[in-house]
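There are 2 protein chains.
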Amino acid sequence: MDIQRSPLARPFPELPSIAGVTLRVARAQYKTWDRCDLTFAELAEGTSVAGVFTKSACASSEVELGREAVKQGRARALIVNAGNSNAFTGWRGREAVEAIQAQVSAALGCGVDEVFVSSTGVIGVPLPKDKARAGIEAALVTEPCGWADATNAIGTTDTFAKGAGASAMIGDTRVELAGIIKGSGMIAPDMATMLGYIFTDANVAPAFLQEALERANAATFSCITVDGDTSTSDTVMVFATAKAGNARIESWDSPGADAFAAALADVCRQLAQLVVRDGEGAAKFITIRVSGAASDDSARRVGLSIANSPLVKTAIAGEDANWGRVVMAVGKAGEPADRDKLSIAFGGVWAARNGLPVEGYDEAPVAAHLKGEDIDIAVDLGLGDGRATVWTCDLTHGYIAINADYRS
Amino acid sequence: MDIQRSPLARPFPELPSIAGVTLRVARAQYKTWDRCDLTFAELAEGTSVAGVFTKSACASSEVELGREAVKQGRARALIVNAGNSNAFTGWRGREAVEAIQAQVSAALGCGVDEVFVSSTGVIGVPLPKDKARAGIEAALVTEPCGWADATNAIGTTDTFAKGAGASAMIGDTRVELAGIIKGSGMIAPDMATMLGYIFTDANVAPAFLQEALERANAATFSCITVDGDTSTSDTVMVFATAKAGNARIESWDSPGADAFAAALADVCRQLAQLVVRDGEGAAKFITIRVSGAASDDSARRVGLSIANSPLVKTAIAGEDANWGRVVMAVGKAGEPADRDKLSIAFGGVWAARNGLPVEGYDEAPVAAHLKGEDIDIAVDLGLGDGRATVWTCDLTHGYIAINADYRS
Chain A
1 MDIQRSPLAR PFPELPSIAG VTLRVARAQY KTWDRCDLTF AELAEGTSVA
51 GVFTKSACAS SEVELGREAV KQGRARALIV NAGNSNAFTG WRGREAVEAI
101 QAQVSAALGC GVDEVFVSST GVIGVPLPKD KARAGIEAAL VTEPCGWADA
151 TNAIGTTDTF AKGAGASAMI GDTRVELAGI IKGSGMIAPD MATMLGYIFT
201 DANVAPAFLQ EALERANAAT FSCITVDGDT STSDTVMVFA TAKAGNARIE
251 SWDSPGADAF AAALADVCRQ LAQLVVRDGE GAAKFITIRV SGAASDDSAR
301 RVGLSIANSP LVKTAIAGED ANWGRVVMAV GKAGEPADRD KLSIAFGGVW
351 AARNGLPVEG YDEAPVAAHL KGEDIDIAVD LGLGDGRATV WTCDLTHGYI
401 AINADYRS
Chain B
1 MDIQRSPLAR PFPELPSIAG VTLRVARAQY KTWDRCDLTF AELAEGTSVA
51 GVFTKSACAS SEVELGREAV KQGRARALIV NAGNSNAFTG WRGREAVEAI
101 QAQVSAALGC GVDEVFVSST GVIGVPLPKD KARAGIEAAL VTEPCGWADA
151 TNAIGTTDTF AKGAGASAMI GDTRVELAGI IKGSGMIAPD MATMLGYIFT
201 DANVAPAFLQ EALERANAAT FSCITVDGDT STSDTVMVFA TAKAGNARIE
251 SWDSPGADAF AAALADVCRQ LAQLVVRDGE GAAKFITIRV SGAASDDSAR
301 RVGLSIANSP LVKTAIAGED ANWGRVVMAV GKAGEPADRD KLSIAFGGVW
351 AARNGLPVEG YDEAPVAAHL KGEDIDIAVD LGLGDGRATV WTCDLTHGYI
401 AINADYRS
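Protein sequences, first through last, are from chains A and B.
UniProt numbering puts the first sequence at residues 1 to 408.
UniProt numbering puts the second sequence at residues 1 to 408.
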C-alpha cells in the first residue's frame with residue numbers, strides 16, 4: 001500500500017554535526033526492500049547516556065537490556081534495526097541483541113553494556129542474527145553519513161523524516177543538540193513504535209542527563225498521543241559526548257544546567273510534535289491546554305483523556321466545535337473535576353463557562369478556526385493551579401484505511 | 001443523515017407484561033420530530049428499586065438526583081426523556097428534573113424521591129419545562145402501550161430496538177423479568193448515553209436488589225465498550241413490583257435468591273451485548289476472554305484494554321489475526337503480565353503460546369473465523385486464576401462517517 005505523505009509534514013531541518021558522534025548506515029535487509037535499515041552511531045569515549053523506555057509489561061529484549069545498561073551511564077554505540085521489532089520472541093530475541101552487543105563491543109573495545117540496541121518493525125519474528133552481523137560488519141567500514149540518511153534508515157512507515165536541533169550557552173561555551181525520531185505510521189502487523197535519539201557535544205554527568213531527560217519527557221513525549229496505543233519498544237535516549245569542552249554539568253546548581261535542560265526539552269518537544277504530525281491519517285494538529293486542575297499531573301491525565309477520545313477526535317475531523325464531547329472526556333478521566341466550574345474554549349473563544357454554555361457566543365471565529373490545520377482547545381477546570389499541554393491529531397478515514405483496509 | 005440498521009441487529013423479542021408496571025408514551029417534542037419521546041412507567045405501590053449510574057465527574061442532574069433517591073429503595077414512576085440529555089445545564093437543568101418529580105408525585109400521590117427521571121440527547125440545553133409538563137400530562141391520560149413502543153420512545157440514534165427477558169423460580173413461584181435499553185448510536189452533538197431499565201414482578205428487598213444489580217453490572221455493562229467513551233448520563237435501573245407473590249428475597253440466604261440474581265444477570269448480559277451490536281459502524285461482534293490473570297478485576301481491565309485499542313479493533317475490521325496488537329494492548333493495560341507467559345488464540349486456535357509465536361500454526365481456520373460476524377479472542381496471562389469476558393465491536397469507516405462526516 002502507498003501511504004501518502006502527511007499533510008502536516010515539516011521539512012527536515014538543517015542540523016549541525018555533533019563532535020564525537022559518527023553516523024553510518026547499512027543494508028541488513030531485515031525485509032525484502034532496497035534501502036538502508038541498520039543505523040550505527042559510534043560515540044566518543046567519555047559519552048554520557050540517559051534513556052526513557054516504554055512502560056509496557058510486554059517490553060522487548062532491547063528495552064529490557066537498555067533499561068538496565070543505561071544505569072551505568074556510559075555509551076560507545078547505538079544500533080537501530082528497522083523492519084523487525086524483535087518483540088515477543090522470547091530467549092531467541094534476547095540472544096540476537098546480546099550477539100549485536102558482543103560484536104560491536106569487540107570492534108570498539110568497549111563493554112557490552114556500552115552498546116545500545118533498538119529494533120522496530122514486525123513482531124513475533126526473532127531478529128535474524130546473520131543479517132544483523134553482516135549489516136554491522138558493513139556499517140563498520142562504510143563512509144559516515146549525515147542526519148537525513150540516519151533518520152531515513154530508522155524509519156519504517158513514517159511518511160516524512162523527523163529531526164530537530166537546539167543550542168545552549170554553558171558559561172562561554174556553546175553546545176549543540178541534534179535529535180532524530182521515527183514513529184507513528186503503522187501498518188499491520190507493525191506497531192507504532194516511537195524511537196527517538198538526541199545527541200549533544202555537551203559535557204554532562206549521566207545522573208543529571210537522566211534527570212533532565214525524565215523532566216523533559218514528562219512534558220513532551222508523555223504528552224502526545226495518536227491513538228492511545230503504547231508500543232512494546234518505545235525508547236528515547238540522549239547521548240552527550242563532552243566534546244564541546246564546557247565545565248561538566250553535574251547538577252541543577254552547575255552553571256548552564258538550566259540552559260542545557262531547556263534546550264533538551266526544546267528538542268524533545270519539537271520531536272514529539274513531529275510524531276503527532278505523522279500520526280496515521282492525521283489531517284489536523286490539535287493542542288489541548290488544561291488549566292485549573294488539582295495538579296499538573298491531573299491536568300495531563302485530563303488532557304490525555306480528551307486527546308484519546310474517539311468522539312473528540314472525530315468531532316475535530318468533522319470541524320465541529322462539539323464541546324459536549326469535551327465535557328464527556330473530562331468527566332471520564334477519573335480526575336478531580338466539578339461540572340459547574342468547567343470552562344471550554346476553541347481557538348480562544350469560550351463556548352462554555354462555569355458549567356454552562358455561553359449564551360449567544362460568537363460561533364463564526366470558532367468555525368473559521370476549526371477549518372484550519374492547527375486546532376487549539378482550552379479547558380479550565382476551575383479547581384487549582386495544575387496545568388498541562390497535550391498534543392494529538394484528529395481521527396479520520398485515513399486511520400481506518402491504514403489499519404484495517406490493508407492486510408499484512 | 002440516514003444511519004443504516006446495524007448488520008449485527010437482533011429482532012425485538014417477545015416479552016411478558018409485568019404485573020404492577022404500566023407503560024405509556026407521549027410526544028413531548030423535545031426535538032422537531034414526529035415520534036413519541038417521553039416514556040412514563042407507572043409502578044405499583046411497594047415496588048423496590050436499585051440503580052447503577054455513570055462514574056463521570058460531570059454527571060447530569062438526573063444522575064445526581066437518581067443516585068441519591070435510589071438509596072431509599074422505593075419507586076412509583078420512571079420518566080425517560082429522549083432528544084435532550086439536560087446535561088451540562090447547571091441549576092436550570094436541576095430545576096427541570098425537580099419540576100417533573102413534583103408533577104408526577106402530585107399525580108400519583110407519592111414522594112418526589114419515588115419518581116426517577118432519565119434524559120438522553122443533545123447536551124448544554126436545559127430540558128424545556130413546558131414541553132416536559134405537557135408531555136407528562138398527555139402520558140397520564142393516554143392508553144398503556146407495550147414494550148416495543150416504550151423501547152422505541154427511549155431511543156435516539158439507535159438503529160434497532162433492544163429488549164431481553166428471563167424468568168426464575170422462587171420456591172414454587174415463577175417470576176418474570178423484562179428489560180429494555182437504548183444506546184450506542186451517536187450523532188454530533190449527542191453522546192453515547194446508555195439507558196437500561198429492567199422490570200420484574202418479583203418481591204425483592206431493595207438492599208438485595210441493589211447488591212444483585214451491582215454484581216450483575218460488574219460482569220455485563222461494565223464489560224462492554226464501543227469506543228471507550230463514557231456518557232455523563234449512563235444509567236441502569238431495576239424495578240421489582242412484588243406482584244408475583246413470592247416469599248420476599250431479603251438476602252443471599254433467601255430461597256430463590258441465586259435463581260433471581262442469575263436471571264437478572266442474564267437479562268443484563270443480553271441487554272449489554274445488544275448495545276455492542278448497535279455500536280456505531282459495528283460490523284463484527286467481538287468476545288474477548290481473558291484467563292490466567294492476577295484477579296478477576298485485573299482480567300477485566302486487560303480485556304477492556306484490548307477491547308478499547310483502536311489497533312486491535314481496526315485489525316478485526318480488516319479480518320487480520322494480528323496477535324501482535326493484542327500483545328501491545330495487554331502490555332499497556334497497567335496490569336500484572338509477563339511477556340513470556342502470554343498466550344493468544346483467535347477462534348480457539350492458539351497463535352502464540354508462552355510468549356512465542358506457535359510455529360507453523362494452522363492459519364486457515366483462523367482466517368475463516370475472522371471472515372465471520374462473531375469473533376472470539378482468548379488471552380491467557382499464565383499468572384493466576386483471574387478471568388473475565390469483555391464484549392466490543394470493530395472500528396470501521398462507519399464510525400468515522402457517523403461521528404465526523406456529518407455535522408450537528
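Each residue gets a CB set at the ideal place from its N, CA and C atoms; glycine is no exception.
Nothing here was measured: the structure is a model prediction, and the numbers come from that model.
Listed by chain order, chain B residues near residue i by CB distance under 9 Å
i       : result
F346(A) : The contacting residues do not exist; F346(A) stays about 13 Å from chain B at best.
V276(A) : Simply none; closest approach about 15 Å.
T232(A) : G324, V327, M328, G331, K332, R339
Residue i versus residue j - alpha carbon distance
i       : j       : result
I286(B) : I400(A) : 18 Å
A352(A) : A293(A) : 17 Å
A153(B) : P144(B) : 13 Å
V175(A) : F40(A)  : 23 Å
R5(A)   : S291(A) : 34 Å
A166(A) : G386(A) : 28 Å
G146(B) : K55(A)  : 53 Å
E363(A) : D320(A) : 11 Å
T173(A) : R269(A) : 24 Å
S48(B)  : L177(B) : 14 Å
G196(A) : V302(B) : 28 Å
L304(A) : V390(B) : 24 Å
L78(A)  : A161(A) : 19 Å
N203(A) : W350(B) : 52 Å
I170(A) : A262(A) : 12 Å
D297(A) : A388(A) : 8 Å
Amino acids of chain A, ordered along the chain, whose beta-carbon sits closer than 9 Å to that of residue i
i       : result
A59(B)  : G331, R339
P7(B)   : Under the 9 Å cutoff, chain A gives no residues; its nearest Cβ is about 16 Å from P7(B).
I377(B) : Near I377(B) there are no residues of chain A at all, since even the closest Cβ is about 15 Å away, more than 9 Å.
Residue i, DSSP secondary structure in three states
i       : result
L38(A)  : strand
L65(B)  : helix
L203(B) : The residue asked about is misnamed: residue 203(B) is Asn in this sequence, not Leu. Coil, per DSSP.
R92(A)  : helix
R24(A)  : strand
S84(B)  : Correcting the residue type first, residue 84(B) is Asn in the shown sequence and not Ser. Note: N84(B) maps to strand in three-state DSSP.
W323(A) : helix
P16(B)  : coil
P365(A) : helix
V226(A) : coil
D374(A) : strand
R76(B)  : coil
R387(A) : strand
I100(A) : helix
Closest Cα partner of residue i within the set the options
i       : options                           : result
G382(B) : I375(B), S295(B), T389(B)         : S295(B)
A307(B) : G109(B), A75(B), I224(B), G256(B) : I224(B)
G288(A) : P11(A), I377(A), V267(A), D340(A) : Looking at the sequence itself, residue 288(A) is Ile, so the reference to Gly does not match. Per the Cα distances, I377(A).
G355(B) : D362(B), A337(B), A218(B)         : A337(B)
G384(B) : E359(B), K341(B), Y361(B)         : K341(B)
K129(A) : V238(A), A242(A), E250(A), Q29(A) : Q29(A)
E68(A)  : A257(A), E42(A), D113(A), C393(A) : D113(A)
I18(B)  : V125(B), G121(B), F199(B), L38(B) : F199(B)
D380(B) : S105(B), D394(B), P11(B), R300(B) : R300(B)
V238(A) : V97(A), A205(A), I375(A)          : A205(A)
A50(A)  : V21(A), E62(A), K71(A), G171(A)   : K71(A)
R74(B)  : E62(B), F53(B), A44(B)            : A44(B)
V207(B) : G93(B), G66(B), S343(B), S251(B)  : With the sequence shown as reference, residue 207(B) is identified as Ala, and Val is not the correct amino acid for it. Closest option to A207(B), Cα to Cα, is S251(B).
A404(A) : R35(B), K313(B), M328(B)          : K313(B)
Cross-chain neighbours of residue i in chain B, by beta carbon under 7 Å
i       : result
G303(A) : Within 7 Å Cβ-Cβ: nothing; G303(A) doesn't reach chain B, min ~15 Å.
D227(A) : P310, L311
H397(A) : H397, I400
Chain-ordered neighbours of residue i on chain B, where CB pairs are closer than 8 Å
i      : result
S56(A) : M328, G331, K332
Contact list for residue i against chain A, beta-carbon separation under 7 Å
i       : result
G355(B) : F88, G90
Only counting runs of 4 or more residues, tell me where the alpha helix (DSSP H) segments fall wholly within the stretch 133-188 of chain B, in order along the chain. Qualifying alpha helix (DSSP H) stretches, in chain order: 147-154.
Could I get the ranges of all uninterrupted alpha helix (DSSP H) runs contained in the stretch 286-320 of chain B, with 4 residues as the minimum, in chain order? If we require 4 residues or more, the alpha helix (DSSP H) runs fully inside the stretch 286-320 of chain B come out as 296-308, 310-317.
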